[in-house]
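Colleague: Quick one: the structure is below, and I'll ask about it shortly.
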Amino acid sequence: MAQTKTKVLTAHVPLPMAEKVDQIAARLERSRGWIIKQALSAWIDQEEERSRLTREALADVDAGRVIDHQAVQAWAESLDTDTPLPVPR
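First residue of the sequence shown? That's 3 in the working numbering, and the numbers climb one at a time after it.
Okay, here's the thing in structure tokens:
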């Protein structure tokens with residue numbers, strides 16, 4: 003199995019956050035480094051998904067696939083009535 007190259011990253015974090023990391027590491031019987039790698043991996047996945055969704059939304063705007071603001075406003079205002087409007091499409 004090939005070993006993955008690594009790079010040390012250093013970050014100053016607030017003491018309460020560092021203490022929580024240590025508590026979680028102890029509870030899971032994992033190293034602090036393992037906890038940080040898991041958290042960073044999850045954050046990277048989230049940011050990549052956010053970026054993908056943003057690019058998708060911008061492509062929709064460029065293609066004219068948008069919903070009129072007044073239609074959305076009317077729908078939102080109808081939600082607390084007895085006869086809410088269907089979701090605008």
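The beta carbon of each residue, even a glycine, is placed where N, CA and C say it ideally should be.
Rounded to whole angstroms, how far is the Cβ of Ala27 from the Cβ of Arg34, which I believe are closer than 8 Å?
Modeller: By 1-based counting over the sequence shown, the position of residue 27 is 25. By 1-based counting over the sequence shown, the position of residue 34 is 32. Sure, about 5 Å apart at Cβ, within 8 Å.
Colleague: Should Pro88 and Ile69 be called a contact, given that it needs their Cβ atoms to be closer than 8 Å?
Modeller: Looking up residue 88 in the sequence shown gives position 86. Looking up residue 69 in the sequence shown gives position 67. Against a cut-off of 8 Å, the Cβ pair of Ile69 and Pro88 comes out as no contact.
Colleague: Give the single residue among Leu30, Glu58, Val23 and Glu31 whose Cα lies nearest to the Cα of Leu42.
Modeller: Working through the sequence shown from its first residue, we reach residue 42 at position 40. Closest by alpha carbon: Val23.
Colleague: Could you tell me which of Asp64, Gly66, Pro86 and Ala65 sits nearest to Val74, measuring between CA atoms?
Modeller: The residue labelled residue 74 in the question sits at position 72 within the sequence shown. Residue Pro86 is the option with its Cα nearest to Val74.
Colleague: Rounded to the nearest angstrom, what separates Arg67 and Leu60 at their Cα positions?
Modeller: In the sequence shown, residue 67 corresponds to position 65, counting from 1. In the sequence shown, residue 60 corresponds to position 58, counting from 1. About 10 Å.
Colleague: From Glu21 to Lys7, what does the alpha carbon distance come to, in whole angstroms?
Modeller: Your numbering for residue 21 matches position 19 in the sequence shown. Your numbering for residue 7 matches position 5 in the sequence shown. Roughly 28 Å between the two C-alpha positions.
Colleague: Mind checking which residues open and close the alpha helix (DSSP H) that includes Thr56?
Modeller: Working through the sequence shown from its first residue, we reach residue 56 at position 54. Note, Thr56: alpha helix (DSSP H), Arg34 to Asp64.
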